[in-house]
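Visitor: Take the sequence shown: its letter number 277 is residue 277 in UniProt numbering, and every next letter is one higher.
C-beta atoms are modelled at their ideal positions from N, C-alpha and C, and glycine is treated no differently.
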Amino acid sequence: MALPIQDLPAWARLNDVSFDNVEVTTTVDKGYGVFSQKDLAAPEGTVETPQLLAVPHDLILNSLAVEEHAKEDKEFKQLLEAVGHHPPRVNVLLFLLVQLARNSSHAHVGVSNPWTQYLQFLPKTVLLPTVWTEDERPLLKGTSLEVAVGAKLRALDNEFEMIREASSDIPCWNGLLWHSGAVSLKDWVHLDALYRSRCLELPKSGESMVPCIDMINHSSDPSAYYDQNSDYEAVLLLRPGVSMSKGQEVTISYGDTKSAAEMLFSYGFIDPESTSESLVLPLAPFPDDPLAKAKLVAFGKAPKVHVARESGSIRWDSNFAYLKCVNEEDGLDFRILQDNEGNQQLRVFWQDEDVTDQISEFQKLVAQTHPLPEVLRLRVAVSVQENLEIHLEQLKSELPRHDSSTVREECLKHGLLLRQIETSLLEDAIQALEQEKNSLLEAENVVAYLGSMETSNSDLVGEEASNEADDFS
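#1: I think K301 touches P285, with their Cβ atoms under 8 Å apart; what is that distance to the nearest whole Å?
#2: Given 8 Å as the limit, is there contact between the region 141-155 and the region 273-282, that is, 3 or more CB pairs closer than that?
#3: Starting from D330, trace the beta strand (DSSP E) both ways and give me its first and last residue.
#4: Between Y232, D256, D227, V92, which lies nearest to L194 when the distance is taken from Cα to Cα?
#5: Based on Cα-Cα distance, which residue from L191, L53, E81 lies nearest to P123?
#6: Less than 8 Å between the beta carbons of S197 and S266, yes or no?
#7: Distance check for L450 and A469, CA to CA, integer angstroms please.
#8: If we call anything under 8 Å between Cβ atoms a contact, is I270 one with H414?
#9: Going along the chain, which unbroken runs of the beta strand (DSSP E) with 3 or more residues stay wholly within the region 249-333?
#10: Name the two residues that bound the continuous beta strand (DSSP E) containing C199.
#11: Does DSSP put H85 in a helix, in a strand, or in coil?
#12: Helix, strand or coil, according to DSSP, for N438 in the structure here?
#13: To which residues of the same chain is P303 closer than 6 Å at the C-beta, ignoring the five residues directly before and after it?
#14: Taking just the CA atoms, how far does L52 sit from D7?
#15: Can you pull the DSSP bridge partners for R347?
#16: Can you tell me the Cβ-Cβ gap for L236 and V297, rounded? I've got them flagged as a contact below 8 Å.
#17: Taking just the CA atoms, how far does Y322 sit from V380?
#18: Which same chain residues, not among the five before or five after A465, have their C-beta less than 8 Å away from its C-beta?
#19: Using three-state DSSP, classify Q37 as helix, strand or coil.
#20: Given a threshold of 16 other Cβ atoms within 10 Å of its Cβ, counted over all protein chains shown, does I238 qualify as buried or as exposed?
#21: Within 7 Å: the Cβ of E159 and any heavy atom of the ligand HEM?
#22: Select from M263, V326, D157, P272 the residue whose C-alpha is nearest the C-alpha of A292.
#23: Keeping to the same chain, check which residues put their C-beta closer than 6 Å to that of V17; ignore five residues upstream and five downstream.
#24: Return the CA-CA distance between Q78 and R309, expressed in angstroms with no decimal places.
#25: Select from I60, S219, L418 the residue whose C-alpha is nearest the C-alpha of P203.
#26: Alpha carbon to alpha carbon, what distance is there between R137 and K30?
#27: Tell me where the beta strand (DSSP E) around G206 begins and ends.
#28: Return yes when the Cβ of S276 is within less than 8 Å of the Cβ of S253, no when it is not.
#29: Below 8 Å on the Cβ atoms is my guess for E233 versus H57; work out the distance and round it to an integer in Å.
#30: Any idea which residues DSSP pairs A148 with across the strands?
#31: Give the straight-line distance between the Cα atoms of N115 and S167, rounded to the nearest whole angstrom.
#32: Taking three-plus beta-carbon pairs below 8 Å as touching, is the region 181-190 in contact with the region 149-164?
#33: Could you name the residues of the same chain whose beta carbon sits closer than 6 Å to that of S104, not counting the 5 residues immediately before and after it, in chain order?
#34: Write down every uninterrupted run of the alpha helix (DSSP H) in the region 344-387 whose length is 4 residues or greater and which is fully enclosed by it, in chain order.
#35: Among G206, M162, A101, whose alpha-carbon lies nearest the alpha-carbon of C172?
Shown next, in the form of C-alpha cells:
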C-alpha cells in the first residue's frame, strides 16, 4: 500500500525529522524532489551554512541499525540468525523485506518501526536496469552493462532463494513471507534497486539509507550537500556561495567520477555533465589455452579490461590481460602446494618466484620482469584490441525491433545514450591500440624477435621439405 507524499510531514514530525524552509513535493519528470519554501542564501566563506534537513541517528538505516533492531525484536533476530552472516546490504534488504511483508499482509509479526511506514512513501517504479522488462533489456546488448546486469540478477535470485530456504522452517516467518504470498523475487529485486539508488555514503555511519534526504535529486551543479553533525544526525546543508529562490529545487551530487554505465546501473539515468568517460568490459582467456582454468582460479575474480579517456587521451589497463598472454615459455607456472594441515592450494609462480599474493598487480609485476617487455605488451595490446572490437561490433549491430508501447521512454533514452557513449569510447580506444601496436612493431627488440620467429619458421619448413624428399617408402 502506498502513502501520499502529502502525509510525509506528519510522519516526519512524529519521528523528529526537521525540515527547515524546504519541503518534499512532486516534480515534473523526476518523481519526488525537495524544494525551498523561501529565498535561501549561504555567502561564500560562511563557516555555518543554513541547515535544510536533519534526520535523527536512530532513523539512519544500515547493517548496524538492523542489528540494533534485532535486539528489540526477538522474532526478527531469529530470522536474521537463520539467514546467517552476509554482506551489510543483504541485512538491510532483509529488514526492508520484512517491512514490505508487514505492510502487504497486515500481519503482526515482529516489532513495527518508522521504516515500516516510510517504505510506503518510496516509489513503486524504479528504472534501474535490473528492473527493466524483457523488452527493455536488449538495449544493453554489447554494452558494459549486458554482463553486469545478468550477473546481478542471478545473484539476487540466489539471495532470495537462500532467504526462503533459511526461513521456511520458522513458523511465523514462513506464514508471513511465503505462505501468505506477501513477497516475491520481484520484490527483492525492487528493494535492491531502491537500496542502490538511495544509499548515501555518510562520513560517520558509512553506507546508509536516510529517510527524506533520499528524496533529493541529483544535479551536476548541486545547491546542497549532506553531512553528519556531532550528534550523528544526518543533515542537509546549503552549499557556500549558493543562493536559491522560493520554489527552486534543492539538489545534491550523486558523484562526478562514475561512468555512464555506473550511473545507469545505480541510479537509472545518465547525466553526461557529471560522468567520467570510462567503461569496464569482461575479458575471457584464450579458448585453446591449456592453463585457462588455472589462470581463472588463481586470478580469483571476474577478468576485466578498463578503458578510460583522461585529459583527451585513451588509457587502458587489465591485470588479467597480462596473465592471459603469458605461458610456461615466459616463466609462468602453477603448482599445487600442501600446507602443514594437509590443505592443498593453487600457487602462481613467475620465473620461479611465488607471486600468488601479487596476482592483483600482475600487470606491473610482469612488465618489470619479462625479458622482452615490448613483445609482451604487443601480445596484450592485440588481445585487448580484439576484445574491444567484438564489443563494438555488438554495439553497432541492429537492435531487435520493439513495440514502443512496451519500452518505457526513459529506458529507451538512457539505453541509447549509453550505447552512444560507449561506442565513441570504444572506437577511440581501438584506434589508440592500433597506434600503439604500430609503435611497438618498430621497437628494436620486437623487430629482432619477429625476425627470429620468421627464421625459425623457415628452418622448420625446410626440415619438413627435406623429410619429404627422403621418403624411402
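Guide: Short version:
#1: The pair is not a contact, with the Cβ atoms about 14 Å apart (cut-off 8 Å).
#2: yes
#3: Here D330 belongs to no beta strand (DSSP E), and DSSP marks it neither H nor E.
#4: V92
#5: L191
#6: yes
#7: Note that A469 scores 48 on pLDDT, short of 50, meaning its location in the model is unreliable and no value can be drawn from it.
#8: yes
#9: 249-252, 278-282, 304-310, 313-317
#10: 199-202
#11: coil
#12: helix
#13: L283, F320
#14: 19 Å
#15: R335
#16: Contact flag wrong, Cβ pair sits at about 47 Å.
#17: 6 Å
#18: A caution first: A465 carries a pLDDT of 49, below 50, which makes its placement in the model unreliable, though a value can still be read off. Nothing listed; no residue qualifies.
#19: coil
#20: The question names Ile, but residue 238 in the sequence shown is Leu. Classification of L238: buried, given that the 10 Å Cβ count is 16 or more.
#21: Looking for the ligand HEM in the displayed structure turns up nothing, as the structure carries no ligands at all.
#22: V326
#23: V55, C212
#24: 50 Å
#25: I60
#26: 21 Å
#27: 206-209
#28: no
#29: 6 Å
#30: In the DSSP output, where bridge partners are listed per residue, A148 has none listed.
#31: The sequence given here places Trp at residue 115; Asn does not occur at that position. The straight-line gap from Cα to Cα measures roughly 22 Å.
#32: yes
#33: A182
#34: 362-369
#35: A101
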